[in-house]
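Colleague: Pasting a structure below so you can have a look.
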Amino acid sequence: MDRNAPHLVTLVLLTALTVLTLNMFLPALPAMQAAFGVSAAVIGWAISLYMAAAALLQLVLGPLSDRIGRRPVILGMLVVYAFASVMCLLADDIVVFLLARVVQAVAVGGGILSSAIVRDLYDGRAAAAKLSLIASAMAVAPMLAPMVGGALEAAFGWRSIFLTYAVLGAALLIWCWRDLGETKQKSASRRQYGALFASRLFWAYVAVHALGVGVFYVFLTGAPFVMVAVFGLGSAQTGIVLGTTTAGFLVGAGASARLVERLGEMRLILIGRLVPVAGIAAAWVYFAGGGEALWPLFVGTLCVGLGNGISVPNAAAGALSVRPELAGSASGFLGAATLALGAALTSVATAIIGSVTTPAALLGLMGVIALGALGAALAARAWAPAD
11 MDRNAPHLVT LVLLTALTVL TLNMFLPALP AMQAAFGVSA AVIGWAISLY MAAAALLQLV
71 LGPLSDRIGR RPVILGMLVV YAFASVMCLL ADDIVVFLLA RVVQAVAVGG GILSSAIVRD
131 LYDGRAAAAK LSLIASAMAV APMLAPMVGG ALEAAFGWRS IFLTYAVLGA ALLIWCWRDL
191 GETKQKSASR RQYGALFASR LFWAYVAVHA LGVGVFYVFL TGAPFVMVAV FGLGSAQTGI
251 VLGTTTAGFL VGAGASARLV ERLGEMRLIL IGRLVPVAGI AAAWVYFAGG GEALWPLFVG
311 TLCVGLGNGI SVPNAAAGAL SVRPELAGSA SGFLGAATLA LGAALTSVAT AIIGSVTTPA
371 ALLGLMGVIA LGALGAALAA RAWAPAD
């Protein structure tokens, strides 16, 4: 069986496809709304339906790759993705467009199977280091994708974005055909699936990952309300504040990639969960005491990104290591659980911050979730084998 490792850039590109497909077309939504003659709520389904489909597909593509291998699933995914992108490009009816958009969600397989491939090829700390490198490179994608999409829409119209998706899918298909060998060693049994989901250590890692990312979702949802109502910031200034978590994540993931071999993934998970708790707590004390400056919020949110960059890749590596032969299933479930919890926490944040629009309320909600992630990290430490 071909166990040649693909180039790291291949895994980065596969992971990037998920982010690009979700974010790059966002600046074109008003133009698309006008072109299809629908309401803003209807064109918004291009986002919500995609995310719902992505969550479900993670539960399918991961286990499927454990059965038949990573390579055929990824190549098949890219064929379907390129076809769906062409359908989006040619669609003149909103229903056809939205259906094609749902099919485009197969792009999510790029991210979950890249993680599974890393776990196929590397053990323990080496896997965590590779996942941290991929996460570090990917931290830039959410910032660049909307800018590229906006430039394409302004220069060539909104359909050019979906032409770009189709070209990217086809090019990546050719690249993966040449570079991506099969890394899955053997098929999994039903008994092994039961052992994975019966493992309390697996669930602890899932909780660390999902709750850590959940803090980020809550911040992204609640911060714009606070920025406008309390600090009077405009959209550009609010974007800078939101970017602090991404900047922190980039630094944290880079540090994790360098330090995991020396410190181990469990120590980095604990450090990564302590940093947000400390930063959020300090900022909350400041605002609860009547503070009015903006910079403590910057510090708190920077700590969220930094902590996630340190802990999230290592929690993912831990979850995929509980049953290495089921890395695809573990990765798919991890992604789906994180997305589902993020959607739920987003709804909670909207309800709370919409009625109590203060920095202390936002930080308090973030702090509760961060404490939950820390508790999960401590549980994982107690249940994990000696590092």
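Residue numbers (my numbering): 11 to 397.
Just so you know, even glycine gets a beta-carbon here, dropped at the ideal spot from N, CA and C.
Only a predicted model underlies this, so the values are computations on that prediction, with no experimental measurement involved.
#1: Between which residues of its own chain and L206 is the CB-CB distance below 8 angstroms, once the five residues before and five after are set aside?
#2: Taking the C-alpha atoms as reference points, what is the distance between R272 and I279?
#3: I need the boundaries of the alpha helix (DSSP H) containing H219, first residue and last residue.
#4: Would DSSP call E302 helix, strand or coil?
#5: Identify whether T31 lies in helix, strand or coil by the three-state DSSP scheme.
#6: Compute the Euclidean distance between the alpha carbons of I250 and A115, then round it to the nearest angstrom.
#7: Alpha carbons only, please: which of V314, V261 and Y296 is nearest the one belonging to Q284?
#8: Where do the ends of the alpha helix (DSSP H) carrying A64 lie?
#9: Buried or exposed: where does M148 fall if 16 or more other Cβ atoms within 10 Å of its Cβ makes it buried?
#10: K194: which of L36, W393 and P73 sits nearest, CA to CA?
#11: Is the separation between the beta-carbon of S124 and that of A267 shorter than 8 angstroms?
#12: With burial defined as no fewer than 16 other Cβ atoms inside 10 Å of the residue's Cβ, what is the status of R80: buried or exposed?
#13: For A288, collect the residues of the same chain with a Cβ closer than 8 angstroms to its Cβ; drop the 5 residues on either side in sequence, then sort them by chain order.
#14: Quick check on DSSP: helix, strand or coil for D103?
#15: Got a sec? Which residues, its chain only, sit under 7 angstroms from A155 by beta carbon, not counting five neighbours each side?
#16: When burial is assigned at 16 or more other CB atoms within 10 Å of the CB, is A387 buried or exposed?
#17: According to DSSP, is W168 part of a helix, a strand, or is it coil?
#18: Can you tell me where the alpha helix (DSSP H) holding A41 begins and where it ends?
#19: So, with DSSP's three-state summary, where would you put S49?
#20: Using CA coordinates, which residue listed in W187, F308 and V261 is at the minimum distance from F229?
#21: Is the Cβ-Cβ distance between Y215 and G328 less than 8 angstroms?
#22: Would you identify the three-state DSSP class for G191, choosing helix, strand or coil?
#23: Measure the alpha-carbon distance for A165 versus G159 and round it to whole angstroms.
#24: Expressed to the nearest angstrom, what Euclidean distance is found between the alpha-carbon atoms of T368 and V261?
#25: Counting only the same chain and skipping the five closest in sequence on each side, list residues whose C-beta sits under 8 angstroms from that of N318.
#26: Starting from the Cα of A26, find the closest Cα among R391, Y175, D102 and L372 and give me that residue.
#27: With distances taken between CB atoms, is the gap from Q68 to G342 smaller than 8 angstroms?
#28: Comparing C-alpha positions only, which one of A293, V83 and L100 sits nearest to Y370?
#29: In the DSSP assignment, find the unbroken alpha helix (DSSP H) run with A359 in it and report its ends.
#30: Just to confirm my understanding: we take W185, look at its own chain, exclude 5 residues before and 5 after, and list those with CB closer than 7 angstroms. What are they?
#31: Considering only residues of the same chain and omitting the five flanking positions on each side of A92, which have a CB-CB separation below 7 angstroms?
#32: Taking DSSP as the reference, what is the three-state secondary structure of A386?
#33: Between A347 and A151, how many whole angstroms is the CB-CB distance? I'm expecting something under 8 angstroms.
Modeller: Per the coordinate set shown:
#1: What you label residue 206 is simply residue 196 of the sequence shown in a count that begins at 1. F212, V332, R333, L336, S339 and A340, listed in sequence order.
#2: Within the sequence shown, residue 272 is the residue found at index 262, counting from 1. Within the sequence shown, residue 279 is the residue found at index 269, counting from 1. Spanning the two alpha carbons is a distance of roughly 14 angstroms.
#3: On the sequence shown, residue 219 is found 209 positions in, with the first residue counted as 1. Note, H219: alpha helix (DSSP H), R210 to A239.
#4: Taking the sequence shown and counting its residues from 1, the one referred to as residue 302 is at position 292. Of the three classes helix, strand and coil, the one that applies to E302 here is coil, per DSSP.
#5: Within the sequence shown, numbered from 1, the residue matching residue 31 stands at position 21. T31 falls in the helix class under three-state DSSP.
#6: The residue labelled residue 250 in the question sits at position 240 within the sequence shown. The residue labelled residue 115 in the question sits at position 105 within the sequence shown. Whole-angstrom Cα-Cα distance: 29 angstroms.
#7: Numbered from 1 along the sequence shown, position 274 holds the residue referred to as residue 284. A quick correction: the sequence has Leu, not Gln, at residue 284. The residue with the shortest Cα to Cα distance from L284 is V314.
#8: For the purposes of this step, residue 64 is identified with residue 54 of the sequence shown, where counting begins at 1. A64 -> alpha helix (DSSP H) spans W55 to I78.
#9: Position 138 of the sequence shown, counted from the start, is the residue given in the question as residue 148. When all chains shown are included, M148 counts as buried.
#10: The sequence position of residue 194 within the sequence shown is 184, counting from 1. Of the listed residues, the one whose Cα sits closest to K194 is P73.
#11: On the sequence shown, residue 124 is found 114 positions in, with the first residue counted as 1. On the sequence shown, residue 267 is found 257 positions in, with the first residue counted as 1. Not a contact, by the Cβ cut-off of 8 angstroms.
#12: Taking the sequence shown and counting its residues from 1, one reaches residue 80 at position 70. Classification for R80: buried.
#13: Indexing the sequence shown from 1 puts residue 288 at position 278. Answer for A288: C313, listed in chain order.
#14: The count along the sequence shown starts at 1 and reaches residue 103 at position 93. The answer is coil: DSSP assigns D103 none of H, G, I, E or B.
#15: One-based indexing of the sequence shown puts residue 155 at position 145. So the qualifying residues of the chain are V29, L30, N33 and M34.
#16: Along the sequence shown, one-based indexing puts residue 387 at 377. By the neighbour-count rule (16 or more Cβ atoms within 10 Å), A387 is buried.
#17: In the sequence shown, residue 168 corresponds to position 158, counting from 1. W168 falls in the coil class under three-state DSSP.
#18: Numbered from its first residue, the sequence shown carries residue 41 at position 31. Here the alpha helix (DSSP H) through A41 covers L39 to F46.
#19: Translated into the one-based positions of the sequence shown, residue 49 becomes position 39. Reduced to three states, the DSSP call for S49 is coil.
#20: On the sequence shown, residue 229 is found 219 positions in, with the first residue counted as 1. Cα-wise, what sits closest to F229 is F308.
#21: Locating residue 215 in the sequence shown gives position 205, where the first residue counts as 1. Locating residue 328 in the sequence shown gives position 318, where the first residue counts as 1. Yes. Within cutoff.
#22: Here residue 191 is taken as the residue at index 181 of the sequence shown, counted from 1. Coil at G191, not helix or strand.
#23: Mapped onto the sequence shown, residue 165 falls at position 155. Mapped onto the sequence shown, residue 159 falls at position 149. Going by the C-alpha atoms only, they are around 10 angstroms apart.
#24: Numbered from its first residue, the sequence shown carries residue 368 at position 358. Numbered from its first residue, the sequence shown carries residue 261 at position 251. Approximately 28 angstroms between the Cα atoms of the pair.
#25: On the sequence shown, position 308 is the one that residue 318 refers to. Closer than 8 angstroms at the Cβ level, and outside the excluded window around N318, lie G222, V223, V225, F226, T255, G258, F259, G262, G282 and P286.
#26: Mapped onto the sequence shown, residue 26 falls at position 16. The shortest Cα separation from A26 among R391, Y175, D102 and L372 belongs to Y175.
#27: Against the sequence shown, residue 68 aligns to sequence position 58. Against the sequence shown, residue 342 aligns to sequence position 332. Their beta carbons are under 8 angstroms apart, which means Q68 touches G342 by this criterion.
#28: Sequence index remark: in the sequence shown, residue 370 carries index 360 (1-based). Strictly speaking, residue 370 in this sequence is Ala, with Tyr absent from that position. With distances taken between Cα atoms, A370 lies closest to A293.
#29: Translated into positions along the sequence shown, residue 359 becomes position 349. Element bounds for A359: A337 to S365.
#30: Translated into the one-based positions of the sequence shown, residue 185 becomes position 175. Same-chain partners within the cutoff: T20.
#31: Stepping through the sequence shown from its first residue, residue 92 is reached at position 82. Here the set comprises A176, G179, A180 and L183.
#32: Mapped onto the sequence shown, residue 386 falls at position 376. In this structure, A386 counts as helix in the three-state DSSP scheme.
#33: Here residue 347 corresponds to residue number 337 of the sequence shown, with the count starting at 1. Here residue 151 corresponds to residue number 141 of the sequence shown, with the count starting at 1. Wrong, their Cβ atoms sit about 22 angstroms apart, outside the cutoff.
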